[in-house]
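S.K.: Each residue of the sequence shown is one higher than the last, beginning at 1 in full-length UniProt numbering. Provided herewith is a single structure, encoded as structure tokens, for subsequent inquiry.
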Amino acid sequence: PRATLAAPSDEDVTKKRRKVELNREFFRSLLRLLKIVIPGWRSKEARLLISHSFFLVVRTLISLKVAAMDGAIVKSLVKGNGREFLMRIVWWMLIAIPATFTNSMLSYHQAELSLKYRTRLTQHIHDKYLSKLTFYGISALDDRINNPDQLIAVDVAKFSNSLAELYSNLAKPILDMTIYTHSLSRSVGGEGVVSMALLVQLSANVMRALTPPFGKYVADEARLEGEFRFQHSRLIDHSEEVALYHGHEAEKDTLDKGYFTLIKHVNYILRRRFYHGFMEDFVIKYFWGALGLLLCSVPVFVKMPGHISMNMGDRTESFVTNRRMLLSASDAFGRIMFSYREIMELAGYTSRVDSLLEVMNDIRAGRFEKKLVSSSGTDDNEAILKGRGTVVESKDIEFINVPIISPNGDVLVRALSFSLKQGDHLLVFGPNGCGKSSLFRILGGLWPVYGGTVYKPPFSDIFYIPQRPYLSRGSLRQQITYPDSLRQMRAKGVTDADLMSILSILGLEHLPELYDSGWDAEAEWRDVLSGGLQQRVAMARLFYHRPRYAILDECTSSVTLETEKVMYDNAKALGITLMTVSHRRSLWKYHSRILQFDGQGNYVFTKLDADRRLKLEDEKEDLEVLLRQVPEIERRIAELTAA
């Protein structure tokens, strides 16, 4: 894929910092996420949603029946009919059985929906995040997402829970409003219901206009939570360096600043919610309640056309029933109003989750946005950074006029050209920051090609061993076969005996015997194994996979020369072409080509005669020793001359 890294334009920044509000963009984003969490009407999620809707309808019908029974019970009480009163209490208790069952089913469905949504969304994100090296692109090639772990582990869960809650908090109140309003209009007349509805709608519009942007607040809170969590993760990752620098006070200041920035924002939200909640409670509970009492009093004080005159018991029954329905309708409308705030919060979570999916899609398509702070910053550099090269699959490796770029955008080598055939072992040599790592990132498919043409084998034919190997969570066997699973290992026809043969070559045959579980033993291998053992395990991993090419980045720095010889001799015997980054002279004899960078943008690619080069290096060192003695010799000559 073609890729460009450059500073984002003003338009990109505006898009990146889009407002979190209820607009067309929010509904488009929500629709995209809904298609993921509910992939079709035959899916489990859709069936669960239909079942949830059924119980919502049942709950409303039960509420209507309970409202009517409340009125009948009070009527019996006013009439003084004890037998009728007790019978209706019994019926009221019997209705409580399906009512409580329905309430429990609604809670279960809501929790299950949230879990299903999260599972679908997490699996979808994992499929994208862990394919085409997207996880590397997000952290190394793009700076739009600073904390993907927070988004995947926390924000997805909050979005799923908010979406499941919102359906219950919207669907049932809307249904309740419709049914209760219809029932009330039959009892108190349509004019009274319409008048009350107009007043309620007017006050609701005023409340909505005064509602703060809670969606933006939620998105900002989640972002600050992620940044605070990232600061702690960063301290854990670099604890040794911080300890050596005695930088605990500086790190404490950074962590405190991150925490208090978060708390300041949370306190601001709490204050806004306090004033908003005060207004909501007054309007919904008391203003609308007063309107409801006036509406319920209509049948008592006003003779309704077509209604026969009622006695005290009938009026009491009508008032209690209407009051119960009105309270339910008022509660339903109140929940609809409360849900506006929940929708705003859902908009915040939707924006963050959708932005993650959008960035992952861009990275998978080879589109990156990263602000590069080049130390030179010339127009020529900008032209190179905007360029696009070509990658061609080949059994050999060849670079033709390929610029080597550092992570911050500096052009280290303007046009690198060299070719390497299988069996030509290459030694890469040069000072720090000269382009060695960037070269191998290009070979590994991690870094975009800014120009020229790169011929290289497929990713599966190139294996990389860093100075500090990556040891995964899993069994001892998995440390050798990584990233293959046990099933993949057996599919290749490899047995534990074959793995033991590999360990024997490296003097590690005792390792499985140290644990009762043998090959199945699990541990935090990074802490259990020493640096030298880790490097030998990494080399065993290389021997297991037997790729065509291997990139060895200072991977023998913690082993003896004898072990180093065994590693390189066996790798060459397996037909693996080696590309080594190292300053150890002991490795020169294993290579036939050398690519040397001088750190000034120049390089030399030539054949390597190890014996001759070692002699020249020895002679050079002898001459340097003599040159360091020249000032002392000249001083002594001057003293002798003066004497």
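We treat Cβ as the ideally placed atom computed from N, Cα and C, and that holds for glycine.
Measure the Cβ-Cβ separation of Arg229 and Asn147 and say whether it is below 8 Å.
M.R.: In contact: Arg229 and Asn147 (Cβ atoms closer than 8 Å).
S.K.: Quick one: using the 10 Å Cβ neighbour count with 16 as the cut-off for buried, is Ala538 buried or exposed?
M.R.: Ala538 should be labelled buried.
S.K.: Put Arg414 into one of helix, strand or coil per three-state DSSP.
M.R.: Three-state DSSP puts Arg414 in a strand.
S.K.: Going straight from the alpha carbon of Val625 to that of Leu416, what length do you get?
M.R.: Spanning the two alpha carbons is a distance of roughly 34 Å.
S.K.: Go to Phe230, then tell me how far its alpha helix (DSSP H) extends in each direction, as first and last residue.
M.R.: Here the alpha helix (DSSP H) through Phe230 covers Phe214 to Asp237.
S.K.: Go ahead and pull the three-state DSSP assignment for Ala638.
M.R.: Note: Ala638 maps to helix in three-state DSSP.
S.K.: Would you identify the three-state DSSP class for Lys264, choosing helix, strand or coil?
M.R.: Of the three classes helix, strand and coil, the one that applies to Lys264 here is helix, per DSSP.
S.K.: Just list the beta strand (DSSP E) runs in the stretch 391 to 451, keeping only unbroken ones of 3 residues or longer that don't cross its boundaries, in chain order.
M.R.: 397 to 405, 411 to 420 and 426 to 429, all fully within the stretch 391 to 451.
S.K.: What number of angstroms, rounded off, separates the C-alpha of Ser104 from the C-alpha of Gln123?
M.R.: Computed Cα separation, rounded: 29 Å.
S.K.: Would Leu106 pass as an interface residue toward chain D - the criterion being a Cβ-Cβ separation below 8 Å?
M.R.: Looking for chain D here will not work: only one protein chain is present.
S.K.: Can you give me the C-alpha to C-alpha distance between Lys65 and Ile95, rounded to a whole angstrom?
M.R.: Answer to the nearest angstrom: the Cα atoms are 9 Å apart.
S.K.: In or out: residue 645 buried (at least 16 other Cβ within 10 Å) or exposed?
M.R.: Residue 645 lies beyond the residue range present for the chain, which begins at 1 and ends at 643; the question has no answer from this structure.
S.K.: Pull the bridge partners of Tyr549 from the DSSP assignment, please.
M.R.: According to DSSP, which records beta bridges pairwise, Tyr549 is partnered with Ile462 and Thr577.
S.K.: Roughly how many whole angstroms lie between the Cα atoms of Ala540 and Leu506?
M.R.: Cα to Cα, Ala540 sits roughly 7 Å from Leu506.
S.K.: Between Glu509 and the rest of its own chain, which residues show a CB-CB distance below 7 Å, the 5 nearest in sequence each way excluded?
M.R.: Met500 and Leu503.
S.K.: If you run the structure through DSSP and keep just helix, strand and coil, what is Leu130?
M.R.: Leu130: coil per DSSP, three-state reduction.
S.K.: Taking the straight line between their C-alpha atoms, what separation do you get for Asp127 and Met360?
M.R.: Using only the alpha carbons, I get a separation of about 11 Å.
S.K.: Who are the Cβ neighbours of Asp496 in its own chain at under 6 Å, not counting the five residues just before and after it?
M.R.: The answer, listed in chain order, is Trp519.
S.K.: Should Gln110 be listed as close to the ligand SAM, given that the test is whether its C-beta is under 7 Å from any heavy atom?
M.R.: In the structure shown, the ligand SAM is absent, as is every other ligand, since no ligand is present at all.
S.K.: Taking the continuous beta strand (DSSP E) assigned at Val454, which residues delimit it?
M.R.: Unbroken beta strand (DSSP E) run through Val454: Thr453 to Lys456.
S.K.: Give me the residue from Tyr482, Met579, Glu358 and Tyr455 with the minimum Cα distance to Gly423.
M.R.: Measuring from the Cα of Gly423, the nearest candidate turns out to be Met579.
S.K.: For Gly137, which residues from the same chain have a beta carbon less than 6 Å from its beta carbon, with the 5 sequence-adjacent residues on both sides left out?
M.R.: Around Gly137: Ile363.
S.K.: What are the start and end residues of the alpha helix (DSSP H) that includes Phe27?
M.R.: Taken as a continuous stretch (DSSP letters only), the alpha helix (DSSP H) holding Phe27 covers Arg24 to Val37.
S.K.: What residue from Ala164, Leu357, Phe274 and Met279 has the CA that sits closest to Val206's CA?
M.R.: Cα-wise, what sits closest to Val206 is Met279.
S.K.: Does the Cβ of Phe101 have 16 or more other Cβ atoms within 10 Å, making it buried, or fewer, making it exposed?
M.R.: Exposed is the call here.
S.K.: Compare the beta carbon distance of Thr453 and Ile404 with 8 Å and say whether it is the shorter of the two.
M.R.: Contact flag unset, no.
S.K.: At 4 residues or longer, and completely inside the stretch 492 to 560: list those alpha helix (DSSP H) runs for me, N to C.
M.R.: Correct list: 496 to 505, 525 to 528 and 531 to 545.
S.K.: When the distance is taken between beta carbons, is Thr577 closer than 8 Å to Tyr549?
M.R.: Against a cut-off of 8 Å, the Cβ pair of Thr577 and Tyr549 comes out as a contact.
S.K.: What's the call for Val559, buried or exposed, on a 16-neighbour Cβ count within 10 Å?
M.R.: Val559 is buried by the Cβ-count criterion.
S.K.: Would you check if there are 3 or more beta carbon pairs closer than 8 Å linking the stretch 521 to 539 to the stretch 439 to 456?
M.R.: Contact between the stretch 521 to 539 and the stretch 439 to 456 is absent, because fewer than three Cβ pairs lie under 8 Å.
S.K.: Between the alpha carbons of Gln150 and Lys620, how many angstroms are there, rounded?
M.R.: Taking the straight line joining both Cα atoms gives about 55 Å.
S.K.: Check the C-beta distance from Gly387 over to Gly451 and give it rounded, since I have them as a contact under 8 Å.
M.R.: With a Cβ gap of about 4 Å, Gly387 and Gly451 count as contacting.
S.K.: Among the residues of its own chain, which have a CB less than 6 Å from the CB of Ile174, if the five just before and after it don't count?
M.R.: Around Ile174: no qualifying Cβ.
S.K.: Inspect the beta-carbon positions of Val154 and Glu221 and report whether they are closer than 8 Å.
M.R.: In this structure, Glu221 does not lie closer than 8 Å to Val154 by Cβ.
S.K.: Which residues in the same chain as Ser203 place their Cβ atom closer than 6 Å to its Cβ, once the five residues preceding and following it in sequence are excluded?
M.R.: Excluding residues within five positions, the ones whose Cβ falls inside 6 Å are Val283.
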